[in-house]
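Numbered by this note's numbering, the letters in the sequence shown go through residues 441 to 761 in order. Backbone N, C-alpha and C define an ideal beta-carbon position, used for all residues, glycine too.
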Amino acid sequence: MAKQKKIASISLDLDNQWSYMKIHGDEGWDKYPSYFSIFVPHVLDVLDELNLKITFFIVGKDTESGDNCRYLKMIADHGHEVGNHSYHHESWLQTYSYEKIDKEIQDAEEAIKMATGKRPTGFRGPGFSWSVDLLRVLEKRGYDFDASTLPTYLGPLARMYYFKKSDLSKEEKKARKELFGKFSEGFRKLKPYKWDLGNNKTITEIPVTTMPVFKLPFHLSYLIYIGNISKGLMKLYLNTAITLCKITNTPISFLLHPLDLIGGDQITKLAFFPGMNVVSSKKVEIFKEVITCINRHYQLVSMGNHFNYIATHSTLKEVKP
Ligand SMILES: [Zn+2]
């Protein structure tokens, strides 16, 4: 019998047009412009072609428009899992009080359930923001897992790059001062583990996987960026990441963002964004190659199935936050 492949889960943070504009400091984001009518059918087609069922982390605010809800329902009806990506998508969630986080999570959860018919059981913070209070809220609300950590030393660098490319004011930058995390995030564990919250309370953490040892990110945004310089280099980088994951026995949680899969040719309103000069067909081509590479060594599942697998097949280390 062939040896069973290890698990790799795929998830997409369904950041909408307005949240890109908001984080970038562009005017008009507060009218909540949406590209779901273009993006959602596009991504569902690509995933269907690859026969993939993934997890979409949904922002509660997007359910306020009936048109958006139609597309969110479409995602669930295609058999994809829905996750909670907060209500307002504010990447300084870690500065909120317990009560404010609780409301943020609950509001998003109820809105997502209403729009899709499914209750989310996993959470990812916007901009990889998390706090101990957040973990406590998730545990209290009966969530299976948190997926908000990105163990990399590069967070501060990514933030600098983002600020340079944005029109944010000093105040706005201050509010975003922990966007993409601190340097110390790099010391966090790559393999899933349980946060020990005291009083026998725990919640499972499934980090976004970075390259073992080097802790370099290899989620799709990075691969598209490298692939644009050289496809050979991109494959080398990805294969190194996959090999290191295999050697170190690390399951993969692979992260996608909408703009990784669609170009400025389709989302003209964001055509000025970094990386949006690459057309959709090219991005989809790179995505398909990446998926094929990972699938050679790993079985591709949603995050919920990733959680179910590790909950039944392994004893997770407990870590105090
Ligand atoms: Zn997001």
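What whole-angstrom Cβ distance do residue i and residue j have, given they're in contact under 8 Å?
{"i": "Ile-734", "j": "Phe-694", "result": "7 Å"}
{"i": "Leu-663", "j": "Leu-452", "result": "That pair is no contact at about 14 Å."}
{"i": "Tyr-527", "j": "Thr-561", "result": "Contact flag wrong, Cβ pair sits at about 17 Å."}
{"i": "Ile-545", "j": "Leu-492", "result": "Incorrect: roughly 27 Å between the Cβ atoms, too far for contact."}
{"i": "Gln-739", "j": "Lys-445", "result": "4 Å"}
{"i": "Lys-558", "j": "Val-499", "result": "Their Cβ separation, rounded to whole angstroms, is 15 Å, which puts Lys-558 and Val-499 out of contact at 8 Å."}
{"i": "Thr-556", "j": "Lys-513", "result": "6 Å"}
{"i": "Ser-505", "j": "Ile-463", "result": "The Cβ separation is near 20 Å, so there is no contact."}
{"i": "Phe-727", "j": "Leu-701", "result": "6 Å"}
Taking Cβ positions, are residue i and residue j nearer each other than 7 Å?
{"i": "Asp-447", "j": "His-746", "result": "Just to set this straight, residue 447 is Ile in the shown sequence, not Asp. Cβ distance < 7 Å, so Ile-447 and His-746 count as in contact."}
{"i": "Asn-508", "j": "Phe-476", "result": "yes"}
{"i": "Ala-551", "j": "Thr-495", "result": "no"}
{"i": "Lys-634", "j": "Leu-487", "result": "no"}
{"i": "Leu-484", "j": "His-518", "result": "yes"}
{"i": "Leu-637", "j": "Pro-591", "result": "no"}
{"i": "Ile-731", "j": "Leu-454", "result": "no"}
{"i": "Met-674", "j": "Ser-449", "result": "no"}
{"i": "Glu-611", "j": "Gly-465", "result": "no"}
{"i": "Trp-458", "j": "Pro-481", "result": "no"}
{"i": "Gly-703", "j": "Val-719", "result": "yes"}
{"i": "Ile-643", "j": "Asp-586", "result": "yes"}
{"i": "Thr-589", "j": "Arg-564", "result": "no"}
{"i": "Ile-805", "j": "His-753", "result": "Within the shown structure, residues of the chain are numbered from 441 to 761, placing residue 805 beyond reach of any answer."}
{"i": "Pro-632", "j": "Ile-646", "result": "yes"}
Problem set entry | Inter-stretch contact (C-beta, 8 Å, three-pair minimum) for the segment 560-574 and the segment 533-546 | yes
Exercise. Touching or not, the segment 635-655 and the segment 706-715, by the rule of three or more beta carbon pairs under 8 Å?
Worked result: no
For this session: Jot down the residue ranges of each uninterrupted beta strand (DSSP E) in the segment 467-515, minimum 3 residues, whole runs only, in chain order.
Result: 495-498
Exercise. Taking the runs of the beta strand (DSSP E) that are 3 residues or longer, which of them lie wholly in the segment 709-757?
Worked result: 738-741
For this session: Determine, using beta-carbon pairs with one atom in the segment 684-691 and one in the segment 712-721, whether at least three such pairs fall under 8 Å.
Result: With the cut-off at 8 Å, the segment 684-691 and the segment 712-721 do not touch.
For this session: Taking 8 Å as the threshold, find out whether the segment 661-678 comes into contact with the segment 715-730 through three or more Cβ pairs.
Result: yes
Problem set entry | For ligand 1, residues whose Cβ lies under 5 Å from any non-hydrogen atom | Asp-453, Asp-455 and Pro-566
For this session: Could you name each continuous alpha helix (DSSP H) segment of 4 residues or more that falls completely within the segment 629-716, going from the start of the chain to the end?
Result: 660-669, 671-687 and 698-701
Problem set entry | Unbroken stretches of the alpha helix (DSSP H), 4 residues or longer, contained in the segment 529-558 | Within the segment 529-558, the complete alpha helix (DSSP H) runs of at least 4 residues are 538-556.
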